[in-house]
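In what follows, a single structure is set out as structure tokens and then discussed.
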Amino acid sequence: MSAATFDREQADAPEVGGLLEARSVHTGRSAYNHLLALAQTHGIPKRRVADLIDLVGLHEVARKRTGQFSLGMGQRLGIAAALLGDPKTVMLDEPVNGLDPEGIHWVRNLLKGLAAEGRTVFVSSHLMSEMALTADHLIVIGRGKLIADTSVDDFVSRASQKVVLVRSPELERLRTELAGPAVSLVAADRGALEVHGLTAEQVGEVAAGAGIALHELTPLQASLEEAFMNLTRDELEFATEMEAVA
Amino acid sequence: MSAVTPMVRIPRLEVTGRVAFHRVLISEWTKLRSVRSTKWSLVVGFLLTIAFPVIFAFVTSSHWGTMSPHERADRHPLDVALAGVNVAQLAIAVLGVLLISAEYSTGSIRSTFTAVPRRLLVLWAKILDYAVVSFVLMVPAVLASFFASQAILARHHILQISFTQAGVARSVIGGAVYVMLVGIFALSLGAIVRSTAGGIATFAGIFFVLPPLMNILPLSWNNAITQYLPSEAGRQLFSLDHAAHTLTPLVGGLLFAGYCAAALAIAAVLLVKRDV
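Residue numbers (numbering that gives the first Met the number 0), protein chains in the order written: chain A, 0 to 245; chain B, 0 to 275.
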């Protein structure tokens, strides 16, 4: 459902603009006429239709029938429709679907720009790496239940286990110093050690206390994708979805 | 997490308004004129309305000498002038179905109803736009077909009838009214069945299959029932003479308009009730 606006009874300015499904366009109608017909329902001037066509980069194909559009062009048209009414809240479902790398970059900037203008931007997506780059706030829904409603940083650190990578010339001595009941040590490549169960600060202090030189001390952060998998492992089923607010 | 990138600026919207019927009317007009099927159907409908009577008039003129008195008596100038209406109605009906069924087949109905959540406004706007377009198109078409066929027949001094004669102007304009109502009926069918093939098939069933099917019935039943069929009732709008088992133009026209209103009412109820 790519559409201009929902019109509240009392609202003059449109509240919500949404792109829920890119292919909600008559294939025999041009992009310009599709947007124009939507704009006319709200008395939005023609000039704005042209402006938005330029903004989403469809200028050269605006008069072509949308049946000939690629997936990415259809997606851009849907985004233009969502923004027609200058909405305070924008809802986009999988906005980067079918876009080329340049297009994905463009959507990212667009979402950031919309948020910077003070709009609320809801993005529903299964692409964790994309969410990590764009979103400020996450809402994770699985099996119809709210699994998380938190900032991206919190989400990642909450789901990450405490893992620290240390590199030292005196690895064996460090091993004995660090050993404890809640700590597990896994040998990593080339004289490095993965320490599970201690923070980077704790590892650093143990090493300093024992006079062991460290060449590297890195807290390992899970990626958003790993964090997501950790958090939803139990609840994961066919329809886990992630929504983000930029 | 925010890299320094040039931001995309959305131009502000200074003028904004709420959904209103006149705006939906303009929007539906844009949609009507911006697909190819509209142009083709309207051009075909217009040309058929004029071309058939012209051909009919030429054929009648050239065969007049060899026609029996019975045949001559059977041929009526208005039947010649309005022969195209029966053909043009198919083009107008197909377009009527398409105007709404194509929205469902392409998915654009979701855009339409998201922009205009009060769905009935869309239906009324489509009907009104299409009724005006088909009527404005058909009035010159039937006038042209009347005067063109009369001019051709006049060269052989046969089948002349005056436009000012009682019932003639009503019949000619009635042809345009009939086609307009067919468009409304077909658009309503399209909204009910929500598929192009289904809508056209339903229309053909009611208008082209049902009437000959009545011949199966005993003659008295046939005479009693057939006059109330939509196509037969509507036909009285552009018929000059009336047989024993036909309705008057006024009653027939009103009955046909009633069928259209009933189809439209069903379409409206279903439009509100069903999910998109």
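Heads up, the beta-carbon is just placed ideally off N, CA and C, and yes, glycines get one too.
Proximal chain A residues relative to residue i, where beta-carbon distance stays under 7 Å
i: B/V115; result: T40
Helix, strand or coil at residue i according to DSSP, with G and I counted as helix
i: A/G16; result: strand
i: A/D53; result: helix
i: B/R11; result: coil
i: B/R32; result: helix
i: A/R64; result: strand
i: B/L269; result: helix
i: A/G97; result: coil
i: B/D274; result: coil
i: A/A3; result: Low confidence applies here, because A/A3 scores a pLDDT of 40, under 50, leaving its location unreliable; read the following figure in that light. If DSSP states are grouped into helix, strand and coil, A/A3 belongs with the strands.
i: B/R74; result: coil
i: B/S187; result: helix
i: B/L239; result: coil
i: B/Q22; result: Going by the sequence as given, residue 22 of chain B is Arg instead of Gln. Reduced to three states, the DSSP call for B/R22 is helix.
i: B/G16; result: coil
i: B/H244; result: coil
i: A/G112; result: helix
First through last residue of the beta strand (DSSP E) which encompasses residue i
i: A/L216; result: 215-218
i: A/S123; result: 119-124
Span of the alpha helix (DSSP H), counted from its first residue to its last, around residue i
i: A/D92; result: Segment 88-92 is the beta strand (DSSP E) holding A/D92; no alpha helix (DSSP H) there.
i: B/S61; result: 35-62
i: A/E224; result: 223-231
i: A/Q246; result: In the structure as shown, chain A begins at 0 and stops at 245. Residue 246 of chain A is therefore absent and cannot be evaluated.
i: B/S67; result: Element bounds for B/S67: n/a, residue is neither H nor E.
i: B/F202; result: 195-203
i: A/M130; result: 127-133
i: B/N222; result: 218-225
i: B/R234; result: 229-234
i: B/L209; result: 209-212
Cβ pair residue i, residue j closer than 8 Å
i: B/S40; j: B/L94; result: yes
i: B/R154; j: B/S60; result: yes
i: B/F202; j: B/A92; result: yes
i: A/H136; j: A/V151; result: yes
i: B/L98; j: B/Y129; result: yes
i: B/L209; j: B/L186; result: no
i: A/V89; j: A/V120; result: yes
i: A/I216; j: A/A191; result: Note on residue identity: the sequence assigns Leu, not Ile, to residue 216 of chain A. In this structure, A/A191 does not lie closer than 8 Å to A/L216 by Cβ.
i: B/I151; j: B/P76; result: no
Proximal chain A residues relative to residue i, where beta-carbon distance stays under 8 Å
i: B/S36; result: G27
i: B/E102; result: H25
i: B/K30; result: H25, R28, N32, A36
i: B/I25; result: Q39
Contacts of residue i in chain B (Cβ-Cβ under 8 Å)
i: A/E20; result: G106, R109
i: A/D188; result: None at all; the shortest Cβ gap to chain B is about 29 Å.
i: A/R47; result: P10, L12
Interface partners of residue i on chain A, CB under 9 Å
i: B/S33; result: H25, G27, R28, S29, Y31, N32, H33, L35, A36
i: B/R22; result: Q39, T40, H41, G42
i: B/S40; result: Going along chain A, no residue has its Cβ under 9 Å from B/S40, so there is no contact; the nearest lies around 13 Å.
i: B/I199; result: What B/I199 touches in chain A: nothing, since even the nearest Cβ is about 17 Å away.
Closer than 7 Å at the beta carbon, the chain B residues around residue i
i: A/L82; result: I9
i: A/D153; result: Those within 7 Å of A/D153 in chain B number zero; the least Cβ separation is about 13 Å.
i: A/D50; result: P10
i: A/L113; result: I9
- Task: At 4 residues or longer, and completely inside the segment 136-213 of chain A: list those alpha helix (DSSP H) runs for me, N to C.
- Result: Here the runs fully enclosed are 151-158, 170-177, 199-209.
- Message: Quick check on the DSSP output: what are the complete beta strand (DSSP E) runs of length 3 or more inside the segment 103-181 of chain B, in order along the chain?
- Response: Fully enclosed beta strand (DSSP E) runs of 3 or longer: not present.
- Message: At 4 residues or longer, what runs of the alpha helix (DSSP H) sit wholly inside the segment 76-105 of chain B?
- Response: Correct list: 76-80, 82-105.
- Counting only runs that start and end within the segment 21-46 of chain A, where is the alpha helix (DSSP H) found for 4 or more residues in a row? The segment 21-46 of chain A contains these whole alpha helix (DSSP H) runs: 30-39.
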